[in-house]
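Notes for the one structure printed next.
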Amino acid sequence: MPRRILIIDGHPDSRAERFVHALSKAYCEGARSAGHEVRSLMVSELEFPMLRTSEEFQAGSAPEIIHKSQEAVAWADHVVIVFPLWLGSMPALLKGFFEQLLRPGFAFAAAEHNRLPKKLLAGKSARLIVSMGMPALFYRWYFRAHSLKSLQRNILGFCGIRPVRTSIVGMVEAAGMEKRGAWLARVQELGRRGR
Ligand SMILES: Cc1cc2nc3c(=O)[nH]c(=O)nc-3n(C[C@H](O)[C@H](O)[C@H](O)COP(=O)(O)O)c2cc1C
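Residue numbers (the working numbering): 1000 to 1194.
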């Protein structure tokens, strides 16, 4: 069944030579070729301030560009987030984007009377595609993929997005054309399947 897919490209560097952009493009091409509807957001091209206070998070009005990004998330039934691992986690710019985006009233409703917060993005699924310098197995088994789990459970799960599937593209700097090509083909296939 055709899906509405939003690709969030979370690389802070917008230059075309970054491999994360090639992965985002491969997913997009695969998805479109199979009849899925696709929209994309390049976080590097969005102008927004860092969130600094709890008051702003709870009750402030989000910048216009964040409203537009929220509309894109609301529209999608599958969200694909592609980013490089920086210092063991997502780049600060992408985290800053999520802090602006996933506000109460949009992503979750604040808890009332000892109840758990309501998950306002329930019904959507996600795929995380993360590239890194270390081998994927090392990240998964030695570091226990902690930052991916945090994004999966603490951030997206908290808003009701599930399942959140993951693809780890390891040793990306050392990879030659052949390995990179194989990854692009795999990601294109994920796009085709809308997963
Ligand atoms: C600031 C910075 C921090 C990085 N931290 C890590 C890290 O903690 N672990 C790791 O395996 N790779 C790390 N890397 C390597 C990047 O993950 C890798 O260069 C990137 O995934 C390649 O994708 P790109 O071509 O799209 O930039 C880091 C790179 C930069 C620039």
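Think of the CB as a built atom: it goes at the ideal place given N, C-alpha and C, for glycine as much as any other residue.
> Taking Cβ positions, are Arg1191 and Ser1032 nearer each other than 8 Å?
Replying inline: One thing to note: Arg1191 has its Cβ within 8 Å of the Cβ of Ser1032.
> Under the criterion of a Cβ to heavy atom distance below 7 Å, does Trp1182 qualify as lining ligand 1?
Replying inline: Annotation for Trp1182 indicates a beta carbon at 7 Å or more from all heavy atoms of ligand 1.
> Quick one: is His1035 buried, meaning 16 or more other Cβ sit within 10 Å of its Cβ, or exposed?
Replying inline: The residue in question, His1035, is buried, as its Cβ has 16 or more Cβ neighbours within 10 Å.
>> So that I know if they touch, is there some Cβ in chain D lying closer than 8 Å to that of Gly1034?
In response: Reference to chain D is not applicable here, since this structure consists of a single protein chain.
> Would the beta-carbon of Pro1083 be found less than 7 Å away from any heavy atom of ligand 1?
Replying inline: At least one heavy atom of ligand 1 is nearer than 7 Å to the Cβ of Pro1083, so yes.
> Going by DSSP, what residues sit across from Arg1038 in a beta bridge?
Replying inline: Checking the DSSP bridge columns, you'll see Arg1038 partnered with Leu1005.
>> Rounded to whole angstroms, what is the Cα-Cα separation between Tyr1138 and Trp1085?
In response: For Tyr1138 and Trp1085, the distance between alpha carbons rounds to 13 Å.
> Which residues in the same chain have their Cβ closer than 7 Å to the Cβ of Arg1179, if we skip the five residues on either side of it in sequence?
Replying inline: Once the five neighbours on either side are set aside, the close Cβ partners of Arg1179 are Phe1018.
>> Can you look up Lys1118 in the DSSP assignment and give me helix, strand or coil?
In response: Collapsing the DSSP output to three states places Lys1118 in a strand.
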